[in-house]
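Beneath this line is the structure, given in structure tokens, with notes to follow.
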Amino acid sequence: MNARTRNTVIVSLLGIAILGVGTWGVRVYLPGRTTEAQQRLRLRQETLVEYRDMAASIEEVSARRDETEQRWKSRPHRVPPVSAAHDVYGAITHIAESKCHALPYSYAFVRREIEDDAEYVVLQLRGAGPFIDVYRFVWELEHAREIYGIDRVRLRWLDAGPTEAGSLGFELDLRAYTGGDGKKAQLISVRAEPKFPWLSYNPFSPLVRETLPPNTDDLVEVERSVLRALTPTFAFVEDQKGELVTLKEGEAVYLGYLTRINSAANSARFTLNKGGLIEAIDLELLLGANQ
59 MNARTRNTVI VSLLGIAILG VGTWGVRVYL PGRTTEAQQR LRLRQETLVE YRDMAASIEE
119 VSARRDETEQ RWKSRPHRVP PVSAAHDVYG AITHIAESKC HALPYSYAFV RREIEDDAEY
179 VVLQLRGAGP FIDVYRFVWE LEHAREIYGI DRVRLRWLDA GPTEAGSLGF ELDLRAYTGG
239 DGKKAQLISV RAEPKFPWLS YNPFSPLVRE TLPPNTDDLV EVERSVLRAL TPTFAFVEDQ
299 KGELVTLKEG EAVYLGYLTR INSAANSARF TLNKGGLIEA IDLELLLGAN Q
């Protein structure tokens with residue numbers, strides 16, 4: 059076999075091999091990959107439909123829940139019967155433990171007084187803890203179903219160093235009304251219980267910090283989360299742990315809160331306080347995308 063014939067045979071074999079590989083790719087490999095991609099896209103679309111159905115169901119249930127909760131919160135304030143100071147302490151401790159991360163405090167009985175047909179005990183409370191817990195403790199006392207009056211508050215910031223959050227020391231004089239017999243409770247005006255106003259900053263700490271506080275409450279970390287579904291009322295976010303979290307406008311996230319739900323633009327805006335630097339972050343809903 060001369061060189062010309064040999065080269066012709068080699069080129070022909072290479073052409074046949076290339077043609078065979080191309081035919082296999084077009085008829086076998088590419089259709090399989092296309093089918094797999096179509097299946098993934100269909101699963102994503104089905105998941106999105108499930109999220110939307112879930113969002114509609116949650117919104118309906120939430121509306122009924124809010125109505126029921128509003129009726130429950132609008133019940134009259136309660137003036138408990140005459141009780142010892144330690145009974146009042148037990149009620150206050152329940153607030154500190156259930157609403158304020160077990161905020162530590164101590165109390166001292168000051169006196170019991172009767173004034174204008176109202177009986178109350180005066181206690182002096184002292185303690186220290188994170189600013190948000192002290193802030194919520196005072197707020198919960200002022201908005202409790204029982205009637206408490208705060209006469210004097212003294213606050214002192216206890217800075218633990220440049221890299222730690224520190225704590226807020228407090229002392230307050232509290233009047234706790236007692237002696238209710240059922241009739242006095244009806245004289246208290248009925249009002250809806252307001253929603254706790256979260257703060258995204260600590261007014262006692264420096265405006266700008268070198269480090270960010272830890273996510274001790276395990277809140278949604280916006281920059282590590284994905285927006286999965288939206289309704290005019292709720293944003294459904296897959297958080298940093300892969301869990302689906304339902305948020306409303308004003309709800310707290312790590313370092314901030316949900317500012318606005320824009321269902322028309324398929325986006326949700328969050329305002330974050332990064333050590334004193336305010337930043338707005340938008341999460342967008344990617345419809346039909348392989349997220």
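Each position in the sequence shown, counted from 1, maps to that position plus 58 in the working numbering. All C-beta atoms in this analysis are idealised placements derived from N, C-alpha and C, irrespective of residue type, glycine included.
Per DSSP, residue i forms a beta bridge with which residues?
i    : result
F294 : A287, T304
I208 : L232
D340 : R327
R214 : G227
E125 : The partner list for E125 (beta bridge, DSSP) is empty, contrary to what the question assumes.
A186 : G227
E177 : I172, T236
L335 : K332
DSSP on residue i, reduced to helix/strand/coil?
i    : result
G148 : helix
E200 : helix
D191 : helix
L72  : helix
A310 : strand
R100 : helix
L270 : coil
A154 : helix
A160 : coil
A243 : At A243, the pLDDT of 44 sits below 50, so the modelled position is not reliable and the matter cannot be decided from this model.
Go to residue i, then tell me how far its beta strand (DSSP E) extends in each direction, as first and last residue.
i    : result
V38  : The question about residue 38 has no answer here: the residues shown for the chain are numbered 59 through 349.
D276 : Note, D276: premise wrong, no beta strand (DSSP E); not H, not E.
I172 : 163 to 173
L232 : 225 to 236
K332 : 325 to 332
Y315 : 314 to 320
If you draw a straight line from the C-alpha of residue i to the C-alpha of residue j, how long is it?
i    : j    : result
D124 : L161 : 28 Å
G185 : V168 : 17 Å
L183 : A287 : 46 Å
E342 : R318 : 12 Å
R282 : E204 : 41 Å
A149 : L313 : 31 Å
G334 : I208 : 31 Å
L106 : V119 : 20 Å
I76  : R100 : 34 Å
R233 : L199 : 10 Å
P290 : E177 : 48 Å
Y163 : S325 : 43 Å
D276 : E173 : 46 Å
Q103 : A310 : 29 Å
L226 : Y147 : 21 Å
L305 : L230 : 34 Å
H159 : R214 : 20 Å
S321 : S156 : 35 Å
D145 : I190 : 26 Å
V179 : R170 : 4 Å
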